[in-house]
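Q:
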Amino acid sequence: MAELQRTPERFSTGEYLRRLRQTRAEMEARGLDVLIMSDPSNMAWLAGYGGWSFYVHQCVIVGPQGDPVWFGRGQDRAGAQRTCWLPDTSLIGYPDHYVQSTERHPMDYLVARLTDLGWHRGTIGVEMDNYWFTAAAYRALSPLPATLIDATALVNWQRLVKSPAELDSM
Numbered sequence: 007m008a009e010l011q012r013t014p015e016r017f018s019t020g021e022y023l024r025r026l027r028q029t030r031a032e033m034e035a036r037g038l039d040v041l042i043m044s045d046p047s048n049m050a051w052l053a054g055y056g057g058w059s060f061y062v063h064q065c066v067i068v069g070p071q072g073d074p075v076w077f078g079r080g081q082d083r084a085g086a087q088r089t090c091w092l093p094d095t096s097l098i099g100y101p102d103h104y105v106q107s108t109e110r111h112p113m114d115y116l117v118a119r120l121t122d123l124g125w126h127r128g129t130i131g132v133e134m135d136n137y138w139f140t141a142a143a144y145r146a147l148s149p150l151p152a153t154l155i156d157a158t159a160l161v162n163w164q165r166l167v168k169s170p171a172e173l174d175s176m
């Protein structure tokens with residue numbers, strides 16, 4: 007099998023790390039241990055993800071340390087490999103039998119992965135008021151031993167002031 011070729015990054019890894027530091031500073035100010043973003047524009051800004059598969063559940067998770075994690079449908083993982091600045095170990099694809107299932111939800115799979123990462127406790131921010139985070143997603147996350155709070159627009163506000171790299175791109 008041929009090795010996947012990444013698309014040229016629009017921004018440097020340093021720019022993405024700057025965005026991550028900025029986001030974590032705001033998370034700390036709001037008392038968040040973990041942030042789960044499902045808004046495609048926020049996922050692109052923080053992870054570089056450029057897929058158009060938001061018709062299935064996907065998100066980028068920022069934990070207290072380390073790289074963010076891209077989470078989405080398993081078959082979309084190849085797109086994440088090509089567009090995200092993240093290492094392959096930070097890309098989690100869920101199996102297809104979670105898609106449109108009446109017996110399980112993709113966020114059930116995420117709950118298990120958050121537990122594996124140790125990111126399942128404390129205060130978790132989710133973008134509650136957007137098109138891509140559903141009531142079923144909230145219900146699936148609710149069994150976590152964590153407090154889920156609304157973090158809608160946390161990343162949107164970080165995106166407001168453009169960096170020199172972003173201004174150059176524009």
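The sequence shown: position 162 = 168 (our numbering), numbered continuously. No residue lacks a Cβ here, since even glycine has one placed at the ideal position from N, Cα and C. The structure displayed is predicted, hence computed values, not measured ones.
For ALA152, write down the residues that DSSP places opposite it in a beta bridge.
A: GLY128
Q: Give the DSSP-derived three-state secondary structure of MET43 in the structure shown.
A: Per DSSP, reduced to three states, the secondary structure at MET43 is strand.
Q: Could you check whether ASP114 and ALA146 sit closer than 9 Å to each other, using their CB atoms as the reference points?
A: Yes, the Cβ-Cβ distance between ALA146 and ASP114 is below 9 Å.
Q: Under DSSP, the beta strand (DSSP E) around VAL66 begins and ends at which residues?
A: 65-68
Q: Pick helix, strand or coil for VAL105, following the three-state DSSP scheme.
A: coil
Q: Assuming the contact rule is C-beta atoms closer than 8 Å, GLY128 and VAL40 should be a hit. Round their C-beta distance to whole Å, please.
A: Cβ atoms of GLY128 and VAL40 come within 8 Å of each other, at about 7 Å.
Q: Should the region 13-33 be called in touch with the region 103-112, which here means at least 3 C-beta pairs below 8 Å?
A: no
Q: Note down the Cα distance separating PHE60 from MET43, rounded to an integer number of angstroms.
A: 12 Å
Q: Measuring CA to CA, which of MET33, GLY78, GLY80 is closest to ILE130?
A: MET33
Q: Just verifying my parser: in three-state terms, what is the DSSP assignment at VAL62?
A: DSSP places VAL62 in coil when its eight states are reduced to three.
Q: What's the C-alpha gap between ALA143 and ASN162?
A: 21 Å
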